[in-house]
Amino acid sequence: MSILDLEMKIAEIETKLNEISSDNHQEIEQLQQQLHRYKSRAYQHLTAWDHVTLARHPKRPKAREYIEYIFDSFIELHGDRLYRDDEAIIGGIAKLGNQSVTVIAHQKGCTTSENIKCNFGMPHPEGYRKALRLMKQAEKFNRPIITFIDTPGAYPGPEAEERGQGHAIAECLREMSSLTVPTLSIVIGEGGSGGALALGVSDEIWMLQYAVYSILSPEGFASILYKDGSRAQEAAEVMKLTAQDYLNRGIIEKIIKEPTGGAHQFPQYAFDQLKDQLEGYLLQIKKVTAKQLLNKRYKKYRLIGEYDSLNR
Amino acid sequence: MGFFLQRQRKLKTSTPKRDINEGIYTKCESCKEVIAVMQLSSNLEVCPTCGFHHRMTAKKRLESLIDPGSFKEINRRLHTLNPLNFPGYEEKIEGLMEANDLNEAVVTGIGKIAGESVAIGIMDSHFLMASMGSVVGEKVTRLIEVSISRRLPLIMVCASGGARMQEGIYSLMQMAKTSAALAKHNDAGLLYISVLTHPTMGGVTASFATLGDIIIAEKGASVGFAGRRVVEQTIKQKLPDHFQTAEFLQEKGLVDLVVSRQELKQTLAKLIDLHEGSEG
């Protein structure tokens, strides 16, 4: 049974429990036992594919909800000054406590019409160019930058190619690596490929507990390596794409705890967990000089890679 | 991470050595004209009839660009591991090493172009489509660092299917690593010329390949981020033949110039000469 089927079963039993008369002790007990069984199956032994499913869950909170809950007085800024405003990436200035920060995020929609507007969180080059413009602005005014990553990937359409998708991403990578202000990226849902990394070359990378981050979608990975996109579940296991995998491998710095069953079950819990960590981090990062930041950031990415040396 | 281990290489003898020169005649991939292998080879793998640029090995590319006897390879021994324990990956790499007489998909070193020293990297698409895993990313990064410390112009002859799937997130992060090194190279005021050859796609396009001060595309090369098939699937339509070609990219303002293989060395030499003494 997939995690979504289990979720439905759980909801069914919970509804029954609410409807049942309170003196029907025997049935209540039976239902509660059932509920317990399903919950432990659903949430205790999650496969990699379960993580992918939760990360893409239609009800999972989106970047804008995090931003509105966590920050004060967020003012959204639009456009790349070159072509148009890409709503797959949103950005602006906000306050956390008394600290001004620049916030940049991939934005997925909650409804179909929202998703059409923000292209399911898949940016065009102008989205990345807007992000870069806002990063440079943050650097000028010495504001820390916080990015929220949640995208299936950069949009693979003909106009995106014509306007230089590769170049737009590459420039983000290069420029982020040398920004003189503190930078932090949080993967809140799906971190898909170069389109995710373009907002992710930061001092630290955090992930929500059930978020995933990968070189390509498991479907894409399976279609390239197994020549069969339907083997995505198997691919997800091989790809080692969960927050815990990356923490173990030293790729990310922190996991933000989610409520049982995923952030959509109780969004405020995830927001509060993240807000709490963010406040602490911003205080701590104030004491670090720009030079120290740059050295540490360069070293973080410089050291990623697994290889050895031949004897001949 | 990023550890070194001296390791006894497992020798694998079952893969037969492929000899591309075993035939005397071959067919042009584009116009299907029959050409003598020797003739094609001496014409830099360019079809004498239709001008189609066939893929070239790194070794041949080096011979075509670098002054004879001037090339010194660096970091040749860096060797790929299997960080995700992807089934069959080590065997695949061993087989490609044997078949191509290469240790990985990029050859890096210092050499001379028309008498001027350059740091140069050449990707070889015969090696797993020159996809970028840890070793490719590390060799390119070390080349950039050598170029900075010796204050040499940097040239990357790119060709790649993109990031290497088998190494997962490690491959993705090579995009960040190489781009960060290029930021330092840029700050040092040094010249970086990127040459895009057929095919340059995905994570390589979205990192060092498109960060050149000057970007040259080789005639007819396909260059893009998303592959043609993926784009066609997205819009459920066929794309015109010239989509993502070097000429298309120039028209869209994405590359500085398109040159034929025969003109490449001369063009690089001119550009290097034009920057002589002007590097900050």
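Protein chains in written order, with this note's numbering: chain A, 254 to 565; chain B, 267 to 546.
Glycine included, each C-beta is placed from N, C-alpha and C at the ideal position.
Using the beta-carbon count (16 or more within 10 Å), is residue i buried or exposed?
{"i": "VAL406/B", "result": "buried"}
{"i": "PHE524/A", "result": "buried"}
{"i": "PHE324/A", "result": "buried"}
{"i": "GLY453/A", "result": "buried"}
{"i": "GLU295/B", "result": "exposed"}
{"i": "ASP333/A", "result": "buried"}
{"i": "VAL541/A", "result": "exposed"}
{"i": "LEU418/B", "result": "buried"}
{"i": "ALA449/A", "result": "buried"}
{"i": "HIS278/A", "result": "exposed"}
{"i": "LEU426/A", "result": "buried"}
{"i": "CYS371/A", "result": "buried"}
{"i": "CYS313/B", "result": "buried"}
{"i": "LYS393/A", "result": "exposed"}
{"i": "GLU414/A", "result": "buried"}
{"i": "MET254/A", "result": "exposed"}
{"i": "MET304/B", "result": "exposed"}
{"i": "VAL300/B", "result": "exposed"}
{"i": "HIS331/A", "result": "exposed"}
{"i": "ASP456/A", "result": "buried"}
{"i": "ALA324/B", "result": "buried"}
{"i": "HIS508/B", "result": "exposed"}
{"i": "LEU531/A", "result": "buried"}
{"i": "ASN369/B", "result": "buried"}
Kindly indicate the opening and closing residues of the beta strand (DSSP E) around residue i.
{"i": "GLU329/A", "result": "325 to 329"}
{"i": "PHE401/A", "result": "398 to 404"}
{"i": "THR300/A", "result": "Here THR300/A belongs to no beta strand (DSSP E), and DSSP marks it neither H nor E."}
{"i": "GLY445/A", "result": "436 to 445"}
{"i": "THR374/B", "result": "372 to 379"}
{"i": "LEU461/A", "result": "457 to 461"}
{"i": "LYS507/A", "result": "507 to 509"}
Would residue i and residue j be called neighbours here (beta carbons separated by less than 8 Å)?
{"i": "THR511/B", "j": "GLY486/B", "result": "yes"}
{"i": "TYR499/A", "j": "ALA308/A", "result": "no"}
{"i": "ILE320/A", "j": "ALA301/A", "result": "no"}
{"i": "LEU567/A", "j": "LYS269/A", "result": "The structure shown does not extend to residue 567/A, since chain A spans only 254 to 565, so no value can be given for it."}
{"i": "MET389/B", "j": "ALA365/B", "result": "no"}
{"i": "ARG396/A", "j": "VAL440/A", "result": "no"}
{"i": "ALA496/A", "j": "LEU536/A", "result": "no"}
{"i": "GLU311/B", "j": "MET322/B", "result": "yes"}
{"i": "LEU306/B", "j": "THR292/B", "result": "yes"}
{"i": "ALA492/B", "j": "MET441/B", "result": "no"}
{"i": "ILE480/B", "j": "LEU537/B", "result": "yes"}
{"i": "ILE399/A", "j": "LEU437/A", "result": "yes"}
Nearest by alpha-carbon distance to residue i: which of the options is it?
{"i": "ALA358/A", "options": "SER366/A, LEU385/A, LEU349/A, GLY350/A", "result": "LEU385/A"}
{"i": "THR346/B", "options": "LEU328/B, SER413/B, GLU360/B, LYS338/B", "result": "GLU360/B"}
{"i": "GLU379/A", "options": "THR365/A, ALA407/A, ILE402/A", "result": "ALA407/A"}
{"i": "ARG327/B", "options": "LEU418/B, THR463/B, ILE435/B", "result": "THR463/B"}
{"i": "CYS424/B", "options": "THR476/B, LYS358/B, GLY335/B", "result": "THR476/B"}
{"i": "PRO512/A", "options": "PRO314/A, LEU270/A, GLU272/A, ILE266/A", "result": "PRO314/A"}
{"i": "LEU540/B", "options": "GLU382/B, ILE340/B, PHE514/B", "result": "GLU382/B"}
{"i": "GLY374/A", "options": "GLN530/A, PRO311/A, ILE342/A", "result": "ILE342/A"}
{"i": "GLU340/A", "options": "GLU329/A, GLY350/A, LYS552/A", "result": "GLU329/A"}
{"i": "TYR322/A", "options": "TYR534/A, ASP481/A, LEU527/A", "result": "LEU527/A"}
{"i": "ILE557/A", "options": "SER400/B, LEU505/B, VAL521/B", "result": "SER400/B"}
{"i": "LYS361/A", "options": "LYS262/A, ASP403/A, ASP529/A", "result": "ASP403/A"}
{"i": "ALA489/A", "options": "ASN548/A, GLY445/A, GLN545/A", "result": "GLY445/A"}
{"i": "THR306/A", "options": "TYR554/A, SER455/A, LEU259/A", "result": "LEU259/A"}
{"i": "PRO471/A", "options": "ALA421/A, ALA264/A, LYS493/A", "result": "LYS493/A"}
What does DSSP give as the partner residues of residue i in its beta bridges?
{"i": "GLN352/A", "result": "LEU349/A"}
{"i": "THR346/B", "result": "TYR560/A"}
{"i": "VAL423/B", "result": "ILE388/B, VAL461/B"}
{"i": "TYR291/B", "result": "ALA302/B"}
{"i": "VAL525/B", "result": "GLU484/B"}
{"i": "GLY344/A", "result": "ILE357/A"}
{"i": "VAL312/B", "result": "HIS319/B"}
{"i": "VAL465/A", "result": "GLU443/A, THR495/A"}
{"i": "ALA295/A", "result": "DSSP lists no partner for ALA295/A."}
{"i": "GLU382/B", "result": "ILE379/B"}
{"i": "ALA429/B", "result": "MET398/B"}
{"i": "VAL489/B", "result": "THR466/B"}
{"i": "THR511/B", "result": "SER488/B"}
{"i": "GLU339/B", "result": "GLY375/B"}
I need the boundaries of the alpha helix (DSSP H) containing residue i, first residue and last residue.
{"i": "ILE266/A", "result": "256 to 272"}
{"i": "GLY519/B", "result": "Neither: GLY519/B is in no alpha helix (DSSP H) and is coded neither H nor E."}
{"i": "ALA324/B", "result": "324 to 331"}
{"i": "CYS425/A", "result": "418 to 430"}
{"i": "LEU335/A", "result": "That residue, LEU335/A, is in no alpha helix (DSSP H); it is neither H nor E in DSSP."}
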